[in-house]
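Residue numbers (the working numbering), protein chains in the order written: chain A, -2 to 328; chain B, -2 to 328.
Backbone N, C-alpha and C fix where the C-beta goes; we use that ideal spot for every residue, glycine too.
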């Protein structure tokens, strides 16, 4: 054996220890590198969810088995209080967060408290500006993974809500809700917005939807966080139009998961109480420009995101056997 | 530095080389171990699916975008031929496999060929015994991942089939079909079988189903393979009753995926042609003992599998906008 390395000139016993130390050092170094490399393993989505659970689980039990109602309100306190009486009794409701957009006006906490006790706590979040996107904040009082977001004039039956919550638990990455809408693209490349009366995109029989409106839906709280981290231009667009927060949410969900943003659950008993409001706000959608704004927002968001992330779905989910025998035709 | 190892007595240059070689050997050994350890990384379900695709993809293109119709037939050749004329024209149909249970009788290949050309190939698989489970073989002619299994008296509209196929593509691990059934457990612990008229298991409003019958459904071909590998007692039970192959399939799927075996798609236009058969077989379900057998099979299978793997679901899927405006109540 020839040896050309300089160490060969050192005494035998020193080299023996050096060989052992060198090997040990190499082993340790390799282990450290291997350990560091594990951070590059693809993170399993389930791991992300578990991370989210561990992070957001102050009480330890509630994260997937209960939900928080977030209801934004403006100038419709009569409807609000009527709806609170209805929603407060929902099974699996953890808490109600009322986003109080009546700037400068006292929240009805006194009335609420004087008519207690109540099944669940209600928190009134007084806002400093009357903004449509106020309801998309990541409120610290939000302790469940699921958010039930309802407009302050929508009465949705408890049966519909219980079922939709169970559906959300099976599709936790999507907006599971009761109001489907769609976009269509035209030969000019300009997008337009509408409901089922708008021509279907031509993907076979029947219709398609590409958005589920958030004002009657379940979605994961992580999307509130994600919304806050969207480009300022998105927030500015919503502020400019006082509209389109739901379109923006559908964009970010679709972009995040790479498939349809929502799952439509057909409501059995749901309606607007708008007409029953005495002298209150008549609703944003009555503004002349409301629907043109929706199409405008589609195209603005496509420009901001440099692409159209919304995709189509034609899945309509109903509750088997509710109403009775609804699996039969014409039921 | 003291050295107590025997190598210290060797000449210097030899130890230098030995140190280098030892380090190199250690490095290589560690890399080999690390490489071997990667096989223990959790295998992503997507990877499994890709494996399946690669394994089952002789033509390279067809595995998830087309399906194979498997239709077993006994003594109802008039209905069979009528149905073949209907099903042969389905979009995305790859091939038809007719499981010919008329033992000793010539298959109608001459008639079929003389009335060609046909949109897709049909293969007649002549059976040597008239067994219910003949249709659950892993036929070599099966080149798609999806199997559409239809009883030889069921006329399902092309629209329903196209939609159900698209739903199966979103739920490829489950039996996606048009006929839901359920089991119930009673206070005695004995299980019983039935439809929507059987009392719901009491899990909230509405009904639940725990089986989707395979005779009008899509499922993955891997379940044919899995069925063949079930305990002999399962095959014997099906042979004994000439029944319950679908119950057995639901058991094995539920056991395999640990959740509900099936997804119910509400058919818009589906019906049995049984009454229109001239002098043919009247259908197994007319036998006096047929339904009692179904309950019997439930309890036998629970004994074989040492537990009840079926779980409940109340998800009913319909095609949004087909028929037009079906998202509205009473549509």
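Short of 8 Å from the beta carbon of residue 234 of chain B, and not among the five residues preceding or following it, lie these beta carbons of its own chain, in chain order: 241, 245, 294, 297, 298 and 301. The beta carbon of residue 305 of chain B lies closer than 6 Å to those of 299 in the same chain, with the five residues before and after it left out. At a cut-off of 8 Å between beta carbons, residue 127 of chain A makes no contact with chain B. Contact annotation for residue 206 of chain A against chain B: 317 [CB-CB distance below 7 Å, chain order]. Residue range 312 to 316 is occupied by the beta strand (DSSP E) that includes residue 314 of chain B. For the stretch 162 to 182 of chain B, the set of positions with a beta-carbon nearer than 9 Å to some beta-carbon of chain A reads 163, 164, 167 and 177 in chain order. As the crow flies, the alpha-carbon of residue 251 of chain A is around 14 Å from that of residue 227 of chain A.
For the pair residue 150 of chain A and residue 69 of chain A, the CB atoms are not nearer than the 8 Å cut-off.
Runs of alpha helix (DSSP H) with 4 or more residues, each lying fully within the stretch 281 to 311 of chain B, are found at 287 to 302, listed in chain order.
Among the residues of chain A, those whose CB is under 7 Å from the CB of residue 201 of chain B are 159, following chain order.
Not one beta carbon of chain A lies nearer than 8 Å to the beta carbon of residue 258 of chain B. Three or more pairs of CB atoms, one per stretch, sit closer than 8 Å, so the stretch 248 to 262 of chain B contacts the stretch 169 to 180 of chain B.
About 4 Å separates the CB atoms of residue 318 of chain A and residue 203 of chain B; that is less than 8 Å, so the two are in contact. With its beta carbon less than 8 Å from one in chain A, residue 312 of chain B belongs to the interface. Residue 71 of chain B has no beta-bridge partner at all, per DSSP. When DSSP states are grouped into helix, strand and coil, residue 220 of chain A belongs to the helix group. Secondary structure note for residue 180 of chain A: its beta strand (DSSP E) is the uninterrupted segment 177 to 182.
Contact between residue 133 of chain A and residue 78 of chain A is absent: CB atoms are separated by about 23 Å, not below the 8 Å threshold.
Counting every other CB atom within 10 Å of its CB across the protein chains shown gives residue 65 of chain A a total of 16 or more, marking it as buried.
Using a Cβ-Cβ cut-off of 8 Å, residue 239 of chain B does not count as an interface residue toward chain A, since no Cβ of chain A sits closer than that to its own.
Across the set B:127, B:266, B:326 and B:217, the C-alpha of B:217 shows the shortest separation from the C-alpha of residue 254 of chain B. DSSP, reduced to helix, strand and coil, places residue 153 of chain A within a strand of the structure shown. Taking 9 Å as the cut-off between beta carbons, none of the residues of the stretch 120 to 149 of chain A comes near chain B. Under the criterion of beta carbons closer than 8 Å, residue 121 of chain A and residue 106 of chain A qualify as touching, at roughly 6 Å. Taking a 10 Å sphere around the C-beta of residue 171 of chain B, we find 16 or more other C-beta atoms and assign the residue as buried.
No Cβ of chain B is located within less than 8 Å of the beta carbon of residue 300 of chain A. Under the 8 Å criterion on CB atoms, residue 156 of chain B is classed as interfacial with respect to chain A. For residue 168 of chain A, there is no enclosing alpha helix (DSSP H), as DSSP marks it with neither H nor E.
By a beta-carbon distance limit of 8 Å, residue 152 of chain B does not contact residue 281 of chain B. Their separation comes to about 18 Å.
Residue 324 of chain A has a beta carbon lying within less than 8 Å of a beta carbon in chain B. Annotated as proximal: residue 136 of chain A and residue 94 of chain A, with beta-carbon spacing under 8 Å. For residue 249 of chain B, the enclosing alpha helix (DSSP H) covers residues 242 to 254.
Shown here, residue 22 of chain A sits in a helix according to DSSP, grouped into three states.
Contact between residue 61 of chain B and residue 277 of chain B does not hold, since the beta-carbon distance rounds to 36 Å and is not under 8 Å.
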